[in-house]
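In the numbering used here, the protein residues as written are 1 to 611. Where is the CB? At the ideal position from N, CA and C, for every residue including glycine. In this text the structure is predicted, and so the values were computed from the model without any measurement.
Structure (structure tokens):
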């Protein structure tokens with residue numbers, strides 16, 4: 001990619017601004033642990049919402065979203081349900097409120113709030129820290145792959161070097177430089193720097209997204225798009241099969257669908273729903289989502305933060321994704337993306353389209369925005385990861401009486417160490433699709449069962465949680481070997497029910513073979529958190545102590561708001577897609593559904609938020 005001088009200047013100014021703001025905010029973060037990891041619970045929810053949106057707008061995810069839209073068309077809007085993307089709606093409606101009522105600093109500390117300080121509580125606490133660190137390292141490896149592949153497309157210098165006989169590819173060198181700059185301000189400024197820089201980065205990303213979307217809208221036509229895609233590409237709906245046949249227009253795209261294993265999309269969709277409900281009820285994995293929840297001022301502000309995120313994130317992001325995709329569909333020669341093995345790398349559609357179809361100045365702004373997307377997400381993960389080790393291992397088990405400055409200095413060391421380990425795994429190679437499948441299909445699968453039960457059932461104890469988590473993580477380790485022995489080739493999401501069964505067996509065995517947790521711990525948790533679910537015996541004891549206690553009877557309303565919220569979020573994804581491809585009938589229906597869902601959420605969710 002050839003960059004004009006103005007593009008290089010824009011990117012350089014952005015990097016200097018980001019690092020400068022991050023370092024400038026560092027003086028606020030060094031006061032104590034609460035300031036370093038949660039910004040003293042002093043940041044308004046709307047800034048945290050923008051920060052959360054920025055953290056979810058990563059380069060790797062955007063590259064694969066463009067590849068999905070190119071190949072699967074509007075039906076690609078369903079594929080993020082693999083995560084599931086609508087776990088944010090569960091957080092918005094009730095889970096963020098429940099979590100924020102704990103008043104703790106990390107997800108692992110929350111486990112102590114739920115299960116107490118018994119031996120079972122301690123091993124549950126430790127297994128949560130281990131899982132959090134594994135998640136952080138896995139995502140850093142995922143980010144390295146994405147930013148390296150992206151940077152080599154848009155930066156003009158060949159940075160391949162040989163060190164001690166080992167050749168470091170140009171994409172790896174770029175990844176290391178960008179990661180080093182991100183680590184610098186994150187390490188120094190903690191959560192203040194993460195949020196402050198992410199708000200700036202989000203504004204830059206939004207402007208860049210809108211520019212690219214409008215470039216695509218005014219430089220292509222509906223007829224050009226229709227001529228480039230197969231029948232059914234512009235439809236959201238599907239049957240048992242995906243219903244897109246690329247064999248005449250682009251056989252490589254048909255190969256991609258087969259390689260992904262998404263031909264029988266109806267079956268895949270049922271697995272998405274099965275996994276999605278349980279994964280969403282489990283709550284966020286212990287990473288930056290949890291940190292932002294615990295960093296809000298109040299439970300209702302935590303809920304509002306998650307309500308703002310899809311509002312501000314979905315339209316600009318998918319407006320750009322759709323814009324890049326239609327530019328590539330209309331003007332790109334697919335042969336230009338062919339790799340050495342003769343296959344097309346659809347993950348290169350995004351950088352290639354920017355290179356060829358976005359003009360000087362705009363190109364620099366867009367690249368700065370995508371660079372911001374990477375830096376914000378990476379910064380959020382490493383700051384959250386270090387909190388678990390420093391707060392939940394060092395302070396809890398090694399030195400709980402150290403001065404605050406020592407904890408902050410320890411955070412510097414841990415942050416740097418996590419980056420080194422994560423980057424090392426990232427440099428081992430792989431592809432973004434493969435890493436995505438492993439993280440969302442397998443690693444998340446090990447987390448779900450025990451984390452659903454911890455909310456809903458009073459008898460689920462610390463040992464149940466520990467053995468549920470442990471059996472799920474062991475399942476992740478041994479399942480690939482079992483599949484190899486049996487000569488099975490299952491998608492990651494197809495393996496999810498097997499991992500879920502592993503974790504359920506471990507959870508129930510660990511729970512039922514050991515005594516219930518301390519009654520006082522359960523009463524404190526139930527009274528402070530106020531979850532719905534199977535808490536009858538504990539509820540009766542709380543009422544005996546405090547007859548004024550009010551039970552949570554909002555299950556029905558919460559489920560209604562979940563259904564409306566998922567529909568609302570989906571319209572925010574498809575509206576910019578339908579706009580860019582000029583499918584105006586579908587656009588009008590989507591806008592109408594969005595309006596009705598918004599009115600419903602205002603009445604039955606927003607107006608009824610309580611701390």
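Residue i in three-state terms, based on DSSP
{"i": "residue 457", "result": "strand"}
{"i": "residue 238", "result": "coil"}
{"i": "residue 57", "result": "coil"}
{"i": "residue 617", "result": "Outside the shown range of the chain, which is 1 to 611, sits residue 617, and nothing can be said about it."}
{"i": "residue 523", "result": "helix"}
{"i": "residue 419", "result": "helix"}
{"i": "residue 327", "result": "helix"}
{"i": "residue 50", "result": "helix"}
{"i": "residue 43", "result": "coil"}
{"i": "residue 479", "result": "helix"}
{"i": "residue 332", "result": "coil"}
{"i": "residue 518", "result": "coil"}
{"i": "residue 105", "result": "coil"}
{"i": "residue 399", "result": "coil"}
{"i": "residue 506", "result": "helix"}
{"i": "residue 141", "result": "helix"}
{"i": "residue 360", "result": "coil"}
{"i": "residue 489", "result": "coil"}
{"i": "residue 157", "result": "coil"}
{"i": "residue 611", "result": "coil"}
{"i": "residue 447", "result": "coil"}
{"i": "residue 350", "result": "helix"}
{"i": "residue 210", "result": "helix"}
In DSSP terms, what residue i is bridged to
{"i": "residue 344", "result": "338"}
{"i": "residue 614", "result": "Because the chain is modelled from 1 through 611, residue 614 falls outside the range shown and cannot be assessed."}
Exposed unless 16 or more other CB atoms sit within 10 angstroms - verdict on residue i
{"i": "residue 266", "result": "exposed"}
{"i": "residue 563", "result": "exposed"}
{"i": "residue 451", "result": "buried"}
{"i": "residue 304", "result": "buried"}
{"i": "residue 309", "result": "buried"}
{"i": "residue 199", "result": "buried"}
{"i": "residue 637", "result": "With the chain covering 1 to 611 only, the question about residue 637 has no answer from this structure."}
{"i": "residue 223", "result": "exposed"}
{"i": "residue 20", "result": "exposed"}
{"i": "residue 608", "result": "exposed"}
{"i": "residue 465", "result": "buried"}
{"i": "residue 481", "result": "exposed"}
{"i": "residue 346", "result": "buried"}
{"i": "residue 61", "result": "buried"}
{"i": "residue 432", "result": "With a pLDDT of only 46 at residue 432, under 50, the local geometry of the prediction cannot be trusted, and no value is derived from it."}
{"i": "residue 57", "result": "buried"}
{"i": "residue 536", "result": "exposed"}
{"i": "residue 390", "result": "buried"}
{"i": "residue 397", "result": "exposed"}
{"i": "residue 247", "result": "exposed"}
{"i": "residue 401", "result": "exposed"}
{"i": "residue 231", "result": "exposed"}
{"i": "residue 436", "result": "Low per-residue confidence applies at residue 436: pLDDT is 49, beneath 50, and the placement is therefore not dependable enough to give any value."}
{"i": "residue 78", "result": "buried"}
Residue i: CB within 7 Å of a non-hydrogen atom of the ligand ATP
{"i": "residue 45", "result": "The ligand ATP is not part of this structure, which contains no ligands at all."}
Using a Cβ distance threshold of 8 Å, determine whether the region 573 to 584 contacts the region 311 to 331, with at least three qualifying pairs required.
Touching, yes, given that three or more Cβ pairs across the two stretches are closer than 8 Å.
Hey, is the region 117 to 127 in contact with the region 349 to 359, meaning 3+ C-beta pairs nearer than 8 Å?
Counting C-beta pairs with one atom in each stretch, the region 117 to 127 and the region 349 to 359 have fewer than three that are closer than 8 Å, which means they do not touch.
With a floor of 4 residues, list each alpha helix (DSSP H) that falls wholly inside the region 56 to 94, ordered by position along the chain.
Segments of the alpha helix (DSSP H) lying fully in the region 56 to 94: 59 to 72, 87 to 90.
Are three or more beta carbon pairs between the region 243 to 261 and the region 7 to 14 nearer than 8 Å?
The region 243 to 261 is not in contact with the region 7 to 14.
Would you mind listing the alpha helix (DSSP H) stretches within the region 545 to 609 that are 4+ residues and don't spill past its ends, in chain order?
For the region 545 to 609, the continuous alpha helix (DSSP H) assignments of 4+ residues that do not extend past its boundaries occur at 555 to 580, 584 to 604, in sequence order.
My parser needs the alpha helix (DSSP H) runs of 4 or more residues fully inside the region 212 to 298; what are they?
Here the runs fully enclosed are 222 to 228, 251 to 260, 265 to 281, 288 to 295.
Touch test, the region 85 to 102 against the region 288 to 301, Cβ-Cβ under 8 Å, three pairs minimum:
In short, these stretches touch, since the Cβ pair count reaches three.
If contact is defined by three or more beta carbon pairs under 8 Å, each pair taking one atom from either stretch, is the region 448 to 468 in contact with the region 223 to 240?
The region 223 to 240 is not in contact with the region 448 to 468.
For the pair the region 516 to 529 and the region 471 to 478, tell me if three or more CB-CB distances fall below 8 Å.
The region 516 to 529, when compared against the region 471 to 478, does not touch it at the 8 Å Cβ threshold.
Stretch pair the region 566 to 573 + the region 589 to 608: three plus CB contacts closer than 8 Å
Cβ pair count under 8 Å is three or more, so yes.
At least three beta-carbon pairs within less than 8 Å, the region 124 to 136 to the region 406 to 416:
Contact annotation: the region 124 to 136 does not touch the region 406 to 416, with fewer than three C-beta pairs closer than 8 Å.
Could you tell me whether the region 495 to 514 touches the region 414 to 425, using the rule of 3 or more Cβ pairs below 8 Å?
The answer is no - the region 414 to 425 does not touch the region 495 to 514, with fewer than three Cβ pairs under 8 Å.
Taking contact to mean at least 3 C-beta pairs separated by less than 8 Å, is the region 48 to 56 in contact with the region 200 to 213?
In this structure the region 48 to 56 lies against the region 200 to 213, because at least three pairs of beta carbons, one per stretch, are closer than 8 Å.
Should the region 323 to 337 be called in touch with the region 210 to 228, which here means at least 3 C-beta pairs below 8 Å?
Taking 8 Å as the limit for Cβ pairs, the verdict is that the region 210 to 228 does touch the region 323 to 337.
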